[in-house]
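All remarks here apply to the structure that follows.
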Amino acid sequence: MGIKRFFKWNKRVADRFWEKCGYSDRRLYHYYDAKVRSLLRPGMLVYDVGGGGDCCYADAKEQVGDFRIVGVDIEDVRIKENAKVDEFLVADITKEIPLPHGKIDMLTSSSVLEHLSDQTAFVKNARASLKDGGVMVHVFPGKFALFAMLNQIISNRLARKILFFIYPNLKGANGFRTFYDKTYYSRFLRLLEENGFTVLDIQCNYYQSDYFGFFLPFYFLSLLWDAFCRLFHIKNLASQLCVTAEKRPDEEVE
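Using the working numbering, the letters of the sequence shown correspond one by one to residues 4 to 257.
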C-alpha cells in the first residue's frame, strides 16, 4: 500500500467513525452564513473581504431584497472569478479599504484574518470605513488550535507541500501564507474593544480532528484534545471563532 493510499484509508475510517457517532460538522461556516443573512437589509452596502471566487450569502437577495456586495481581494485573478458580487476591488486591506470613510453597512470575511500580517491595521481601517452602527462578521481559525500551531512552527513552503501531498484536492483553495497574529479569543476581543467596537456575539468551535484524519492515532488523540478544550471551555484554544461586532460612534469612544 502506497503512502497516499494509506492516508486515504485512514481518512475513510475516521470519517466513518465520525458519522457513526452521530456528530455533525461543528465548524462555524454555516453559523457565519446564517449570521450574515440575519443582519442583511435592503439597500445595504456590504464589503466581503478576501472572498476570492465565492460569496456564500450572495443569493440572500432573493429573500432580503436588493443590497450591494463589493468583493475585495489582494489578488485580481481570484476576485474576478467571483460572479456573485456586484463589484470587485483589488486592495491590501491592512493598508486601506478603498472607499470614502463611513460608507459601509457591513464588512464580512471567512477564513481571511489569519492571513493578515497586521490585524490591528485592518481593524482600524474597518472602523474608518464602516458607518456608525455598522457591523463586522468574521469567521477564522484560532491561533492556538493544534493545526494552527503546527502551521506556525514549520515554514509556509513546507506546510503547503505537506497539505497538498495529503489533500491534493485543496490545491488552489488553501495554502496561502498564514500569520494568525491576534486570532484567539481574548486578544481579538480586546483588539476590537480597543478600537471602538462592541462585540455583539462570539461563537467558539473546538472540533479540528478532521485535519488529522489522514493518520488514525493523531486523529483519536486530537479528538481527546478537542473534548478536553470543549468540556472546560478553554476559549483561547478554540479551533475556530465567529465574531460579530458593531462600530460605536466616535463620541462613545474614549
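Where a beta carbon is used, it is the ideal one built from N, C-alpha and C, also for glycine.
Along the chain, where does the beta strand (DSSP E) that runs through residue i open and close?
| i | result |
| --- | --- |
| F143 | 133 to 144 |
| V49 | 48 to 52 |
| L43 | Neither: L43 is in no beta strand (DSSP E) and is coded neither H nor E. |
Measure from the alpha carbon of residue i to the alpha carbon of each residue in the options, then state which is nearest.
| i | options | result |
| --- | --- | --- |
| P101 | V49, F235, A148, F9 | V49 |
| G199 | G136, I6, D89, D95 | G136 |
| N85 | I107, G56, A61 | G56 |
| L119 | T186, H104, V88 | T186 |
| P45 | L234, Y222, A61, G53 | A61 |
| D204 | M152, M139, F231 | M139 |
| W21 | P220, S212, C232, R251 | S212 |
| F125 | K64, F147, R180, F191 | F191 |
| T123 | V256, Y183, V39 | Y183 |
| T181 | E249, V93, D76, Q155 | Q155 |
| F179 | M109, F10, I77, L43 | I77 |
| E255 | L234, S189, T201 | T201 |
| A94 | L153, N128, L133 | N128 |
| L110 | V142, D79, K87, F215 | V142 |
| Y214 | L149, L42, K38 | L149 |
| F10 | D253, H236, L219, T247 | L219 |
| R130 | L92, A248, S112 | A248 |
On the DSSP bridge assignment, give the partners of residue i in chain order.
| i | result |
| --- | --- |
| E90 | V73 |
| K250 | F200 |
| I205 | V246 |
Just to confirm the assignment, what range does the alpha helix (DSSP H) spanning residue i have?
| i | result |
| --- | --- |
| K11 | 6 to 23 |
| S225 | 219 to 234 |
| I107 | Looking at the DSSP string, I107 is not in any alpha helix (DSSP H); the run it does join, the beta strand (DSSP E), is 107 to 113. |
| E65 | 64 to 67 |
| F150 | 149 to 156 |
So is residue i buried or exposed if we call it buried at 16+ other beta carbons inside 10 Å?
| i | result |
| --- | --- |
| E280 | Nothing about residue 280 can be reported from this structure: the residues present for the chain run from 4 to 257 only. |
| P144 | buried |
| F217 | buried |
| I157 | exposed |
| G54 | buried |
| L133 | buried |
| S1 | Residue 1 is absent from the model: the chain starts at 4 and stops at 257. |
| D108 | buried |
Next item on the list: Determine contact between the region 64 to 72 and the region 14 to 23, defined as no fewer than three beta-carbon pairs at a distance below 8 Å.
Entry: no
Note to self: Could you check whether the region 229 to 246 touches the region 27 to 44, counting it as contact only if at least three pairs of C-beta atoms, one from each stretch, sit closer than 8 Å?
What the structure shows: yes
Item checked: the region 194 to 204 touching the region 223 to 242, judged by at least three CB pairs closer than 8 Å -> In short, these stretches do not touch, since the Cβ pair count stays below three.
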